[in-house]
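S.K.: Chains as they are written, first to last, in the working numbering: chain X, 16 to 111; chain V, 14 to 485.
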Amino acid sequence: MNHKELIASMAAKLNAPKSIVADLLETTVTTCTELLVEEKTIGFQSFGNFEVRKKEERLSVHPSTQVRTLIPPKLVVNFKQSNVLKDKLKDLSHNE
Amino acid sequence: MNKEKISSQEIIDLVSSKSSVSKRVAEEFLKVMISSIEEALLAGEVVKIKNFGTFKLLWNEPRKSVNVQTGDDILLSGYHKVSFTPDTILRDLVNEPFAHLLPVELDSENPEPIQEKTDVALDPLRIFTDQAAEIKDLLSEIQALSSAGDSKILKEESEPVLPVESTVVAEDVYKLIQEESVVEHIQEEQVAVQIPNEVTEPVQTQNEAEPIQESPVEFVYEEKQQKSIVTEIDKQQPVDSVVSIYEERQFNDENKSGQSVNSIPELDSTEFLKDIKPIRKHRVWLMIVIIIALLAGLCGGLYLFCPPVTDFTNSSIEKVGKITDNVVASVANLFHTKPKQTPPVARTIIVPKDTTANDSVDDEVAAAEKESVDSLQVMFDNPRVYTKFIGSEIVKPGNRLTIMSKKYYGNKDFWVYIYEANKENIPNPDRISEGTVIRIPKLDSRLIDVTNPRCIKKAKELHDVYVKNKVN
Chain X
16 MNHKELIASM AAKLNAPKSI VADLLETTVT TCTELLVEEK TIGFQSFGNF
66 EVRKKEERLS VHPSTQVRTL IPPKLVVNFK QSNVLKDKLK DLSHNE
Chain V
14 MNKEKISSQE IIDLVSSKSS VSKRVAEEFL KVMISSIEEA LLAGEVVKIK
64 NFGTFKLLWN EPRKSVNVQT GDDILLSGYH KVSFTPDTIL RDLVNEPFAH
114 LLPVELDSEN PEPIQEKTDV ALDPLRIFTD QAAEIKDLLS EIQALSSAGD
164 SKILKEESEP VLPVESTVVA EDVYKLIQEE SVVEHIQEEQ VAVQIPNEVT
214 EPVQTQNEAE PIQESPVEFV YEEKQQKSIV TEIDKQQPVD SVVSIYEERQ
264 FNDENKSGQS VNSIPELDST EFLKDIKPIR KHRVWLMIVI IIALLAGLCG
314 GLYLFCPPVT DFTNSSIEKV GKITDNVVAS VANLFHTKPK QTPPVARTII
364 VPKDTTANDS VDDEVAAAEK ESVDSLQVMF DNPRVYTKFI GSEIVKPGNR
414 LTIMSKKYYG NKDFWVYIYE ANKENIPNPD RISEGTVIRI PKLDSRLIDV
464 TNPRCIKKAK ELHDVYVKNK VN
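(1) S418(V) by DSSP, collapsed to three states: which one?
(2) Give me the chain V residues within the contact set of P32(X), using Cβ-Cβ distance strictly less than 7 Å, ordered along the chain.
(3) Let me know if P278(V) comes out buried or exposed under the rule of 16 or more other beta-carbons within 10 Å of its beta-carbon.
(4) Closer than 6 Å by C-beta to Y92(V): which residues in its own chain qualify, once you throw out the five before and the five after it? Chain order, please.
(5) So the beta strand (DSSP E) H18(X) belongs to, where does it begin and stop?
(6) Enumerate in chain order the residues of its own chain whose CB-to-CB distance from R92(X) is below 7 Å, with the five nearest sequence positions on each side excluded.
(7) Listed in chain order, which residues of the segment 79-90 of chain X have Cβ atoms closer than 8 Å to some Cβ of chain V?
(8) Say whether chain V places a C-beta atom closer than 8 Å to the C-beta of N98(X).
(9) Just how far apart, CA to CA, sit D253(V) and Q390(V)?
(10) Is the beta carbon of V82(X) sitting closer than 8 Å to the one on E118(V)?
(11) Starting from P99(V), follow its DSSP beta bridges and name the residues at the other end.
(12) Measure the Cβ-Cβ separation of R429(V) and H476(V) and say whether it is below 8 Å.
(13) Could you pull the DSSP bridge partners for R76(V) from this structure?
(14) Just the Cα atoms here: how many angstroms apart are S30(V) and T42(X)?
(15) Where D457(V) and I445(V) are concerned, what is the direct C-alpha to C-alpha distance, given to the nearest angstrom?
(16) Quick check on DSSP: helix, strand or coil for E201(V)?
(17) In this structure, does DSSP put L395(V) in helix, strand or coil?
(18) Closer than 9 Å, Cβ to any Cβ of chain X: which residues of the segment 53-68 of chain V, in chain order?
(19) Using 8 Å as the limit for Cβ to Cβ distance, is E437(V) near chain X?
(20) Beta-carbon of R37(V) versus every beta-carbon of chain X: anything under 8 Å?
(21) Chain X partners of L106(V), CB-CB under 8 Å?
(22) Taking all protein chains shown into account, do 16 or more other C-beta atoms lie within 10 angstroms of the C-beta of F402(V), making it buried, or fewer, making it exposed?
(23) Buried or exposed: where does E474(V) fall if 16 or more other Cβ atoms within 10 Å of its Cβ makes it buried?
(24) Using a C-beta cutoff of 8 Å, does F97(V) count as contacting chain X?
(25) Is it right to say D467(V) is buried, meaning 16 or more other beta carbons lie within 10 angstroms of its own, or is it exposed?
(26) Whose C-beta lies closer than 7 Å to the C-beta of R77(V) among residues of the same chain, with five residues either side of it excluded?
(27) Spell out whether any CB of chain X is found under 8 Å from the CB atom of P116(V).
(28) Taking the alpha carbon of P454(V) as the reference point, which residue from Y422(V), I304(V), E51(V) and V95(V) has its own alpha carbon closest?
(29) Within 8 Å of any Cβ in chain V, is that where the Cβ of D102(X) sits?
(30) Mind checking G84(V): buried by the 16 CB within 10 Å criterion, or exposed?
(31) Spatial neighbours of K36(V) within its chain, please: C-beta separation below 8 Å, excluding the five flanking residues on both sides.
(32) Specify the secondary structure class of F94(X) as computed by DSSP and reduced to three states.
(33) Kindly say whether K94(V), judged by its beta-carbon, lies nearer than 8 Å to any beta-carbon of chain X.
(34) Determine the direct distance from the alpha carbon of V45(V) to that of Q60(X), and round the result to whole angstroms.
(35) Quick one: any contact between the segment 27-36 of chain X and the segment 42-59 of chain V, if contact means 3 or more CB pairs under 8 Å?
(36) Flag this pair as yes or no: are the beta carbons of E58(V) and M16(X) separated by less than 8 Å?
Encoded structure:
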């Protein structure tokens, strides 16, 4: 499901035009981005938490050339599902 | 770090205020959004939100574990997990405080110095052989000029005297080289001008002096030159002072008699032939010449070994030769400036060798400079003056010079120029204090050409300079 499909399904549920839904979604995304840039954790009830984590610097060794490289620290966005969502997913059968 | 948690309610408030919709609508919207994503995920789909990221279901395989209390093996059942991969835009925005950092290869720097060391180990051998060859050449030259009979005696005599001479200080050594070069030149001159004269004695091969019919002006000049040499010898070698006195006496005699003047001071006039002293002096002189040659070799060796390692890692055998040429030439030049009475005639004869040596060196330098010096280089070398500013920025927490550089110039490496323009306000470029007003200088577009690797290289050089300064 891509961006457009998501908007379409949401618009159908809300009985609202797609343009308004698209605007709202964009606003939400920018809001979340701003908050994450400020390194704040965003918690969506019954869905999960968006969190910024710092990955510390580390030494990596190239397996074949043995060149050691110092990887600098970085900040990454991490999503952790809530227990509610996890329980829902438990019912999902694993087909593979 | 600010780790406060924003709840759904706060998001709803923010969205409603931003898009000027009621909170109720915003809340509804958010609920629908989450439920839509969940549904799609439960249906096994991948949900992609533009500029935000991708939600995907991952299956975690069941795995065996051990109950820590009982020690029994237990099987953890597999489960689905929602994974979120942030979009590149979101990822870059979040990682901005560390965006300027790049991976550093640690091992790549080490092999280079090792290689340099091996080069250094090889070079001295080459230099030694070169020096040995040079000294041999000099000796053979001198022997060729001096008489065949004397050469044997010289060899015998030079050895015992050498230890005494080796104690001569470095300054004297240089002077000796000057002297030697002059002597050589005079000898060359002599050969060039030489008109076979009646050799009065078989021992005095160097008595093949200029004929009497030579112009008197030149004659006087040459004599003066000789005197200057003699005076120099007086200064340098007090041991030889007695000898030089003899020489002076000899010159006086020659002046009176009006005989032809020998261009080399150690030459004997016929009046002194019967005397033993002149012959001795002659030997002493030749001895000195040989000692000088040896000392010159030593000097060359010292000169070559003293400069930093980097100098001769690059230098090939040819360059080594050029360096010695350079030394001889410069030393010879020093000498030429000293005696003002040096005749123009003599100078013109002496000069060719030196000028060729000098010119070749100069040409090389010039050529090397031409290669490296162009307009960009000039711009790099000139100290930059910051008069115009295209903006200013107040330092906020988390802001860095590199980020400003990226914002204004398009590349974070050019932060050094911002630092240069604000040096008085920034004691430490790594830690700019909050609230400092940073002025962004207007830079020549050629200087901050992102596409030109030289610009970036220069900026990185400056970076190294400033970072090292800070460390020291």
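Glycine included, every Cβ here is placed at the ideal spot set by N, Cα and C.
M.R.: To lay it out plainly:
(1) Sequence index remark: in the second sequence, residue 418(V) carries index 405 (1-based). For S418(V), the three-state secondary structure derived from DSSP is helix.
(2) Counting from one through the first sequence, the residue named residue 32(X) turns up at place 17. Chain V residues near P32(X): none, gap ~13 Å exceeds 7 Å.
(3) As a first step, residue 278(V) must be located in the second sequence, where it is residue number 265. The predicted model places P278(V) with a pLDDT of 45, which falls under 50 and marks its position as unreliable, so this point remains unresolved.
(4) In the second sequence, the residue the question calls residue 92(V) occupies position 79. Answer for Y92(V): N73, listed in chain order.
(5) The sequence position of residue 18(X) within the first sequence is 3, counting from 1. Per DSSP, H18(X) belongs to no beta strand (DSSP E); it is in the alpha helix (DSSP H), H18 to L29.
(6) Residue 92(X) sits at position 77 when you count from the first residue of the first sequence. Contrary to the premise, residue 92(X) reads as Val rather than Arg in this sequence. Excluding sequence positions up to five before and after V92(X), its CB lies within less than 7 Å of the CB of L51, F65 and V67, all in the same chain and listed in chain order.
(7) Q81, V82, R83, T84, L85, I86, P87, P88, K89 and L90
(8) Counting from one through the first sequence, the residue named residue 98(X) turns up at place 83. Output row for N98(X): interface = no.
(9) On the second sequence, residue 253(V) is found 240 positions in, with the first residue counted as 1. On the second sequence, residue 390(V) is found 377 positions in, with the first residue counted as 1. With a pLDDT of only 46 at D253(V), under 50, the local geometry of the prediction cannot be trusted, and the value read off the model is given with reservation. The straight-line gap from Cα to Cα measures roughly 54 Å.
(10) As a working note, residue 82(X) is residue 67 in the first sequence. As a working note, residue 118(V) is residue 105 in the second sequence. Taking a C-beta distance under 8 Å as the contact criterion, V82(X) and E118(V) qualify as a contact pair.
(11) Locating residue 99(V) in the second sequence gives position 86, counting from the first residue. According to DSSP, which records beta bridges pairwise, P99(V) is partnered with G66(V).
(12) Counting from 1 along the second sequence, the entry for residue 429(V) is found at position 416. Counting from 1 along the second sequence, the entry for residue 476(V) is found at position 463. Contrary to the premise, residue 429(V) reads as Val rather than Arg in this sequence. It is a contact, given that the beta carbons lie within the stated cut-off.
(13) By one-based count along the second sequence, residue 76(V) stands at place 63. DSSP, once it has assigned bridges, lists L89(V) as partnering R76(V).
(14) As a working note, residue 30(V) is residue 17 in the second sequence. As a working note, residue 42(X) is residue 27 in the first sequence. Cα to Cα, the separation comes out at about 10 Å.
(15) Residue mapping note: residue 457(V) aligns to position 444 of the second sequence, counting from 1. Residue mapping note: residue 445(V) aligns to position 432 of the second sequence, counting from 1. Distance between the alpha carbons of D457(V) and I445(V): 25 Å.
(16) Taking the second sequence and counting its residues from 1, one reaches residue 201(V) at position 188. Confidence in E201(V) is poor, its pLDDT being 48 and thus under 50, which makes the residue's placement unreliable; the coordinate value appears in the next sentence. In this structure, E201(V) counts as helix in the three-state DSSP scheme.
(17) For the purposes of this step, residue 395(V) is taken as residue 382 along the second sequence, with counting starting at 1. In the sequence as displayed, the identity of residue 395(V) is Asn instead of Leu. If DSSP states are grouped into helix, strand and coil, N395(V) belongs with coil.
(18) A53, L54, L55, A56, G57, E58, V59, V60, K61, I62, K63, N64, F65, G66 and F68
(19) Against the second sequence, residue 437(V) aligns to sequence position 424. It does not: the Cβ of E437(V) has no partner Cβ on chain X nearer than 8 Å.
(20) Stepping through the second sequence from its first residue, residue 37(V) is reached at position 24. Chain X, which has no Cβ nearer than 8 Å to the Cβ of R37(V), makes this no.
(21) For the purposes of this step, residue 106(V) is identified with residue 93 of the second sequence, where counting begins at 1. T48, L51 and V52, listed in chain order.
(22) In the second sequence, counting from the first residue as 1, residue 402(V) sits at position 389. With fewer than 16 Cβ atoms within 10 Å of its Cβ, F402(V) is classed as exposed.
(23) Sequence index remark: in the second sequence, residue 474(V) carries index 461 (1-based). That one is exposed.
(24) What you label residue 97(V) is simply residue 84 of the second sequence in a count that begins at 1. Cβ-Cβ to chain X under 8 Å: yes for F97(V).
(25) The residue labelled residue 467(V) in the question sits at position 454 within the second sequence. The residue you asked about is not Asp; residue 467(V) is Arg in the sequence shown. Exposed, since its Cβ has fewer than 16 Cβ neighbours within 10 Å.
(26) Residue 77(V) sits at position 64 when you count from the first residue of the second sequence. At residue 77(V) the sequence reads Lys, which differs from the Arg that was named. Once the five neighbours on either side are set aside, the close Cβ partners of K77(V) are D86 and L88.
(27) By 1-based counting over the second sequence, the position of residue 116(V) is 103. Yes, because at least one Cβ of chain X sits closer than 8 Å to the Cβ of P116(V).
(28) If you number the second sequence from 1, residue 454(V) lands on position 441. Nearest option by C-alpha distance: Y422(V).
(29) For this step, residue 102(X) is matched to residue 87 along the first sequence. By this cut-off, D102(X) is not an interface position.
(30) Numbered from 1 along the second sequence, position 71 holds the residue referred to as residue 84(V). With fewer than 16 other beta carbons inside 10 angstroms of its own, G84(V) counts as exposed.
(31) Working through the second sequence from its first residue, we reach residue 36(V) at position 23. Excluding residues within five positions, the ones whose Cβ falls inside 8 Å are I25, D26 and S29.
(32) Position 79 of the first sequence holds residue 94(X). Three-state result, F94(X): strand.
(33) As a first step, residue 94(V) must be located in the second sequence, where it is residue number 81. Closer than 8 Å to some Cβ of chain X, the Cβ of K94(V) qualifies, so yes.
(34) One-based indexing of the first sequence puts residue 60(X) at position 45. One-based indexing of the second sequence puts residue 45(V) at position 32. Looking at the two C-alpha atoms, the distance is approximately 12 Å.
(35) yes
(36) Position 45 of the second sequence holds residue 58(V). Position 1 of the first sequence holds residue 16(X). Contact annotation: E58(V) and M16(X) have beta-carbon atoms nearer than 8 Å.
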